[in-house]
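So the structure is just underneath, and the comments pick up after that.
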Amino acid sequence: MSLLKTVLERSGRALLTVALSVEGVAPNGPILELLAAHSERWRTAEFIFGTSDMQHLSSVKGQLPRLESLKLWGSPSPLDTFIDVPHLRELEFGRPRTPS
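Going by the numbering used here, the first residue of the sequence shown is number 602, and it counts up by one from there.
Right, here's the structure in full:
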């Protein structure tokens, strides 16, 4: 967690690519909430998580002005968190992908 805080601080105002797989790992809330606090900087985001983890991203609703690509795996709802994303060009969602 401290490494993530350091990286986010050092990256300043740079746009972010966020990829996080936390399904079956606990606790996820603090990590997701820390990332959510920087959602206005997300350019691409990919999350693989359980249904209960989605609540930790509720604060990003309306706070994604630069997000262009979003991939959500493992959580069927609430997708309305991502309804107001003006620059979204790519969207994937569904169950977690199985290894090839």
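Heads up, the beta-carbon is just placed ideally off N, CA and C, and yes, glycines get one too.
Given a threshold of 16 other Cβ atoms within 10 Å of its Cβ, counted over all protein chains shown, does residue i qualify as buried or as exposed?
{"i": "residue 657", "result": "buried"}
{"i": "residue 633", "result": "buried"}
{"i": "residue 684", "result": "exposed"}
{"i": "residue 682", "result": "buried"}
{"i": "residue 602", "result": "exposed"}
Measuring straight from C-alpha to C-alpha, what distance separates residue i and residue j?
{"i": "residue 609", "j": "residue 651", "result": "24 Å"}
{"i": "residue 674", "j": "residue 653", "result": "13 Å"}
{"i": "residue 637", "j": "residue 662", "result": "10 Å"}
{"i": "residue 620", "j": "residue 647", "result": "5 Å"}
{"i": "residue 659", "j": "residue 630", "result": "11 Å"}
Give me the Cβ distance between residue i and residue j, rounded to the nearest whole Å; I'm assuming they're in contact under 8 Å.
{"i": "residue 644", "j": "residue 667", "result": "6 Å"}
Measuring alpha carbon to alpha carbon, tell me which of the options ends up nearest residue i.
{"i": "residue 670", "options": "688, 628 and 659", "result": "688"}
{"i": "residue 641", "options": "623, 681 and 618", "result": "618"}
Would you give the residue range spanned by the alpha helix (DSSP H) that residue i belongs to?
{"i": "residue 644", "result": "Element bounds for residue 644: not the alpha helix (DSSP H) but the beta strand (DSSP E), 643-649."}
Does residue i have its Cβ less than 8 Å from a Cβ in chain C?
{"i": "residue 691", "result": "Among the chains in the structure shown there is no chain C, since it carries only a single protein chain."}
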